[in-house]
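Residue numbers (the working numbering): 220 to 432.
Note that CB positions come from ideal geometry on N, CA and C, so glycine has one too.
Step one of this worksheet: look at the structure below.
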């Protein structure tokens, strides 16, 4: 092979390579050629269409004087069925519950304020969404900083209660009476200063608690 023949082969290969690349681009939809933004949005919409219910926030980290933007989407619209949004704090208490309307495009949105006593703790908050039954649910996690560190300390039992008193976490006794069942446990809810009582009952009855006695 002489030098002239080599040049001809190189030229032919260059042309074939150019044709191959041009053919690959021609297979793409015209609107997406060189348009990463449109392609990214199309991929996002396709992904949302595969997930029964999705939820996301405008940021991941907030302080205690922020507004959280919550958005979401459902794959299959059920007319008249709202999306239930529940926020759980780092101490595993419910911060807020709301029901949102799904629009004709399958989207829903709301805002949450991090101000207030229920948002005072730093840490991970869970924003859970449910659409209809519990099987159709999802969640988003956010972090709050600049507030109070949650301290998880088990109370040390120091009080012995009588059979006619509720033992509240082993640190307080509250008089009570019950008919038609038995008390199986009691604990304090520090979020709203209440008492949560667990009972076992097989027939109608009454429970009377006298916390001020």
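Sub-8 Å separation of residue i and residue j beta-carbons
| i | j | result |
| --- | --- | --- |
| residue 330 | residue 303 | no |
| residue 346 | residue 276 | yes |
| residue 428 | residue 414 | yes |
| residue 363 | residue 333 | yes |
| residue 400 | residue 424 | yes |
| residue 352 | residue 274 | no |
| residue 369 | residue 344 | no |
| residue 272 | residue 348 | yes |
| residue 289 | residue 328 | yes |
| residue 350 | residue 300 | yes |
| residue 313 | residue 320 | no |
Option nearest residue i by Cα separation, candidates the options
| i | options | result |
| --- | --- | --- |
| residue 307 | 406, 321, 340 | 340 |
| residue 397 | 378, 292, 388, 422 | 422 |
| residue 338 | 405, 366, 321 | 366 |
| residue 295 | 278, 305, 322 | 322 |
| residue 407 | 283, 327, 385 | 385 |
| residue 430 | 412, 290, 418, 282 | 412 |
| residue 284 | 419, 297, 335 | 335 |
| residue 311 | 270, 342, 395 | 342 |
| residue 383 | 409, 270, 426, 420 | 426 |
Burial state of residue i, where buried means 16 or more other Cβ atoms lie within 10 Å
| i | result |
| --- | --- |
| residue 223 | For residue 223, the pLDDT reaches just 45, beneath the cut-off of 50, and the residue's location in the model is therefore unreliable, although a value from the coordinates is still provided. With fewer than 16 other Cβ atoms within 10 Å, it is exposed. |
| residue 378 | exposed |
| residue 292 | buried |
| residue 387 | buried |
| residue 240 | The pLDDT assigned to residue 240 is 31, lower than 50, so where the model puts this residue is not dependable; a value taken from the coordinates is nonetheless given after this. Exposed. |
Residue range of the beta strand (DSSP E) that includes residue i
| i | result |
| --- | --- |
| residue 275 | 272-276 |
| residue 422 | 413-428 |
| residue 394 | 391-408 |
| residue 387 | 384-387 |
query: Enumerated in chain order, which unbroken segments of the beta strand (DSSP E) with a length of 3 residues or greater are wholly contained in the region 279-356?
result: Within the region 279-356, the beta strand (DSSP E) runs of at least 3 residues that lie entirely inside it are, in chain order, 286-293, 302-307, 313-319, 326-332, 342-350.
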